[in-house]
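Below is one structure, written out as structure tokens; the observations come after it.
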Amino acid sequence: MSGTRAGGPSAAPAIPTGRSRRVRGRPLLHTSYAQDMALLDTRAKRVSAAALVLLALALSAVLTDPALEVLAAAYVLAIGAIGLNIVTGYAGQVSLGHAFFVAIGAYTAAALSGPPGGDTLGYGITEIWVWLPAAGLAAAAAGVLVAPLATRLRGLYLAIVTLGLVFLGEHVFKEWQELTGGVGVGREAAVPTLLGVRLDQDGAFGTREQQLYLLMLVLLVVFAVAARNLARSRVGRAFAAIRDRDIAAAVIGVPLTRYKVLAFGVSSFYAGCAGALLFTLSGYVEPGSFNLLLSVQFIAMVLIGGVATVSGAIAGALFLSLLQPLTRALPALVPVISGDTTQTPNVFQVETVLYGLLIVLFLIFEPRGLFGLWIRVRNYWKSWPFSY
Amino acid sequence: MTATPATPVAATLTSLVTRVRDRAAATPDAVAMRHKDLGIWKEVTWAAYWERAELVGHALLALGVEPGDRVAVHAENRPEWLYGDLGTLAARGVTVGLYPTNPPAEVAYLLADSGAKILIAEDQEQVDKALAVIGECPELRHVVYVEPRGIRGRYTDPRLMPWEELLALGAGHRERDPGALDARTAGAGPGDVATLIYTSGTTGPPKGVMLTLGNIEFAVETLVLGGGFASPPPSPSDLTLSYLPLCHVAERAFTVWFNAAAGVQVNFAESIDTVQANLREVQPTILFGVPRIWEKVLAQVDIRLESASPVKKAVGRFWLRVADRIGDTLVRTGGTHTAATRLLYAAGWVFCYRALRERLGMRRVRYAASGAAPIAPDVLKFYMGLGIPMHEVYGMSENTAIATANRPGRVRLGTVGEPHPGVELRIDEATGEIMTRHRGTFAGYWGRPRATADVLGPDGWLRTGDVGEWVDGTHVRITDRMKDVIITAGGKNVAPSEIENALKASPYVKEAVVIGDRRPYLVALIGIEPDTVGEWARRRRIPYTTYRDLSGKPETRALVQGVVDEVNTRFARAEQIKRFAFLPKELDHQDGELTATQKVKRGAVAELFEDLVEGMYAR
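Chains A and B supply the protein sequences, listed in that same order. According to our numbering, the first sequence holds residues 1 to 388 in order. According to our numbering, the second sequence holds residues 1001 to 1619 in order.
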């Protein structure tokens, strides 16, 4: 394309052109592709992003420890949701098997950091910068193994195959007692130690919850920025092309196999890391946790938050995580609903119904999710004083 | 860049060439212009600008261009236009601009009439036009094409040459003879013809207006550095958007001359259709438009507000009414705010004007001008009310666009302003014709001494062909073109353009041609604005198919009748439109109804739609 103006049989001497400077007060005047693709391309975005991060940091000093723990869990779930969004939202490959990859991450990390010579497998490496990447990589490896299926299957078939993964995984983890401790018993989760400092005990940076909250916040920012960068790169554009129509993408020269494998790999890496971190909060992993419901939760986060947007995935994770404390308060308000799992109706059933209902409502009324709601509000003011 | 040879520069006449060369030396890295390429505004620095202009100049020397030889440029506004123009001037050639919309027949006429030796054509479309008529242009020796798509490897005409080859030729020539171009430039005198600007030719074939280096220098001093067309005078921190044809004297002034003389950053719009989007991106500080553009933007605001949600519509309408009041006050004060208007404007800025101006791409406009054709005062008032300092200016190719301009704070709506300093302007007592005399008066029509003598007397007074009058002894009001004035059968003199502009100020009317010379009463041919009327019909659920169908609807007739009735109330009885008919098609340059500058060729239109006109008198 660029060859239309330069080059040719008798190329003219190279002439220096501009250095592509920003022009003051003209955010739409892009003089380079870097400006065109910038993450925070307007002042308003820069300011509000910085304000949000500062607010999140400030919360650690303001909120009570239980609230911080809920938020920390939400941040970890957000990492997992971003991961699912990469494969399902950006690359358009429906995956119901996210719980499986989360489990792999959780057990890899737990096994690495567990005490050697105990009832369950353990290697005693508690440094987070070892077990976190290892958990991610192990899950990514599993993702890459599964990916070739995705190059053969599309849509419903892919969904069913990935659903099968969850059942396979559930069975394996229940039976493999040396690793998981078995059903109803479980094992201790990974221990977060950073350069010799244990973050899951009260320490120099505040209480246990404050430290974990800050850890999760930092990791979420890192993972979110990485995902945004991936999405606006060549890889992200290839994902979008595959999502829109994989045959068309292949025709314009996107290697389908490579990018589908990459999508599953990166997505599973995120899932693995989320799995490893998720259980450090409770300190305990039970193999029954990695069931279909967990996968559905992640899908709900992506759909409610906003498909193919990082901020949407975060919003969805926060929304659903904060929903839980609310539903748990229901038995006190509505006596019909019980807090006991053995009775019907109980809060857990209500929760499941609520997830389903929310997904249905969002898909009907705002398919772009919470992010779409925000877009509506933003566009209303952006187009002022017109409507379009 | 290769080492610049040491040449005596001091003796050289100051011209656009030396101005660009000096800027390239003084601020090589500053931005001279931007053009949009694959979605990105690519910058061209002054050093790069001069480098390319210099290469073109050397290449022209290598191709044997002698002083006074014509080089034609047939392209949309783009950097290569300026490289070609400056390179030609440096080689002491004469630049001839062709309108991109010129059909092959007009291309043949312009190339043959000017006797251009070299043609710089933009792309396959323009090359095809030139090749189709090349037999009629014996002096045309080379056709340089800028965009090779569709040409390279397919066209075999030996006269064709890609742009890169031209630059390479220039580079080779510069290597062999580095001082040749400077030596050629140094020989220039103020009487050298620099450019031929062809008149739009509303009557008869276009004539080439010869502007000399001296004319252009006077224009630069008066219009650019003297602040005649942008006050306070422009500076390198100003931005303009270049979108009107560069072969017109007004856009040449606002693009090439503003750029070279004041260092204004020129941004080239992608095309005339993307002006709105480009305006939003560039947010220029100085904006020139022809009435058609200003009318269209006004109509756009109207439609988009009309189709906005109820709250937005109410808010927008309210603040536009306020803007109207602010405009009224500004019209009274000549464009200076009073305390009350400042307060109102500040409130409106928060709720509407800031956002509206941002959307229109006029948030940062500090000086806006309308010229090249008459405009309805209501349109100008709308922009003044929005806080866009709008000034009507007046000039023509024959006097290098130097005649009058409204000055900030001394704006008088309905007039074209005060004569520039150093300009003699008088109004002929017998005919009312406006005449000007100054250093910018052209050297004559190319190859037409008779036509020249008709408008340029031996005493140096130029007859503009416009009828006007003094307002308060300082401002000039133009009634109409002399040859357009209608004398009805009742013996009444009527200026049709005033009525036409009043009609065109309505968002629903795009074209209006008033007819009535030696007739009992006035009639009008009216062309509707398809966008606004289409939107209006859509809202009223009036189904329609084509332009012609929409014009034929009784509802449309009622709508336009309302506009005509409203306008009629403002005029004396003899000046009222008794009947009107709709033009069955949109007027077009290709069909010979409009000039390249979108001016209506009255004669041609009256002739083409004679049956319509006769029908209006027959009833």
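Here a beta-carbon is modelled for each residue, glycine too, at the ideal position from N, C-alpha and C. In this text the structure is predicted, and so the values were computed from the model without any measurement.
query: Tell me, please, whether the CB atom of B/GLU1043 is closer than 7 angstroms to any CB atom in chain A?; result: yes
query: So, at 8 angstroms on beta carbons, what are the nonlocal neighbours of B/VAL1600 in its own chain, with the 5 sequence-adjacent residues on each side left out?; result: THR1202, GLU1511, VAL1513, LEU1587, GLU1593 and LEU1594
query: Mapping DSSP to helix, strand and coil, what is B/ASP1037?; result: strand
query: Here's the rule: buried if 16 or more other CB atoms are within 10 angstroms of the residue's CB, otherwise exposed. What is A/LYS382?; result: exposed
query: Alpha carbon to alpha carbon, how far is B/GLU1051 from B/MET1001? Give it in angstroms, no decimals.; result: For B/MET1001, the predicted structure reports a pLDDT of 41, less than 50, and the residue's modelled location is therefore unreliable. A value from the coordinates is still provided. Their Cα atoms are separated by approximately 8 angstroms.
query: If you measure between the beta carbons of A/ARG26 and B/GLN1283, is that distance less than 7 angstroms?; result: yes
query: Taking only beta-carbon atoms, is B/LYS1312 less than 7 angstroms away from chain A?; result: yes
query: Kindly indicate if chain B contains any beta-carbon less than 7 angstroms away from that of A/SER233.; result: no
query: Looking at the unbroken alpha helix (DSSP H) that takes in B/LEU1241, where does it start and where does it end?; result: Run containing B/LEU1241: none in the alpha helix (DSSP H); it sits in the beta strand (DSSP E), 1239-1242.
query: Put B/ILE1542 into one of helix, strand or coil per three-state DSSP.; result: coil
query: In the structure shown, what three-state DSSP assignment does B/THR1255 receive?; result: helix
query: With a threshold of 16 other CB atoms inside 10 Å of the CB of B/ASN1501, please say whether the residue is buried or exposed.; result: buried
query: Could you work out which residues of chain A lie near B/LEU1356, taking near to mean beta carbons separated by less than 9 angstroms?; result: TRP384, PRO385 and PHE386
query: Please give the ranges of any beta strand (DSSP E) in the region 1537-1590 of chain B, keeping only runs that are unbroken, at least 3 residues long and fully inside the region.; result: 1577-1582
query: Along the region 223-257 of chain A, what residues have a CB closer than 7 angstroms to any CB found in chain B?; result: none
query: How would you call A/ASP244, buried or exposed, if buried means at least 16 neighbouring beta carbons within 10 angstroms?; result: exposed
query: Since A/THR193 contacts A/ARG187 with CB under 8 angstroms, what's their CB separation in whole angstroms?; result: Not really, about 18 angstroms apart at Cβ, beyond 8 angstroms.
query: Determine, using beta carbons only, whether B/HIS1535 comes closer than 7 angstroms to chain A.; result: Per the sequence presented here, residue 1535 of chain B reads as Glu, with His not at that position. Not closer than 7 angstroms to any Cβ of chain A, the Cβ of B/GLU1535 fails to qualify, so no.
query: Considering only C-alpha positions, which residue in the set A/LEU132, A/LEU220, A/GLY118 and A/ARG198 is nearest to A/LEU77?; result: A/LEU220
query: From the DSSP secondary-structure annotation, give me the bridge partner or partners of B/TYR1367.; result: B/ILE1286
query: Near B/ASP1113, what residues of its chain come up, given a Cβ to Cβ distance below 6 angstroms and the 5 sequence neighbours on each side ignored?; result: none
query: Note down, one range per segment and in chain order, each beta strand (DSSP E) of at least 3 residues found wholly within the region 266-324 of chain A.; result: none
query: Output the boundary residues of the alpha helix (DSSP H) element that contains B/GLU1433.; result: Counting along the chain, B/GLU1433 falls outside any alpha helix (DSSP H), though it belongs to the beta strand (DSSP E) covering 1433-1437.
query: Entirely within the region 1096-1146 of chain B and at least 4 residues each: give me those alpha helix (DSSP H) ranges in chain order.; result: 1104-1114 and 1124-1132
query: Using only the heavy atoms of the ligand ZN, determine whether one of them is closer than 6 angstroms to the beta carbon of A/ALA329.; result: Within the structure as shown, the ligand ZN is missing, as the structure has no ligands at all.
query: Under the assumption that B/ARG1407 contacts B/GLY1417 (Cβ atoms under 8 angstroms), give the Cβ distance between them as a whole number of angstroms.; result: 7 angstroms
query: In whole angstroms, what separates the C-alpha of B/ILE1216 from that of B/PRO1310?; result: 52 angstroms
query: Are the C-beta of B/ARG1304 and some C-beta of chain A separated by less than 7 angstroms?; result: yes
query: Counting only beta-carbon atoms, is B/ARG1019 nearer than 7 angstroms to chain A?; result: no
query: Can you grab the Cα-Cα spacing for the pair B/THR1018 / B/GLU1221, in whole Å?; result: 15 angstroms
query: Using CA coordinates, which residue listed in A/LEU323, A/ASP340 and A/ALA313 is at the minimum distance from A/GLY89?; result: A/ALA313
query: Would you check if the distance between the CB atom of A/GLY406 and the CB atom of A/GLY105 is smaller than 7 angstroms?; result: What is shown of chain A runs 1 to 388, which leaves residue 406 of chain A out entirely.
query: Is DSSP giving B/GLY1227 helix, strand or coil here?; result: coil
query: For B/GLN1265, which three-state DSSP category applies?; result: strand
query: Among A/ALA204, A/ILE82 and A/VAL350, which has the Cα closest to the Cα of A/ASN229?; result: A/ILE82
query: With 7 angstroms as the threshold, decide whether the Cβ of B/ALA1024 is near any Cβ in chain A.; result: no
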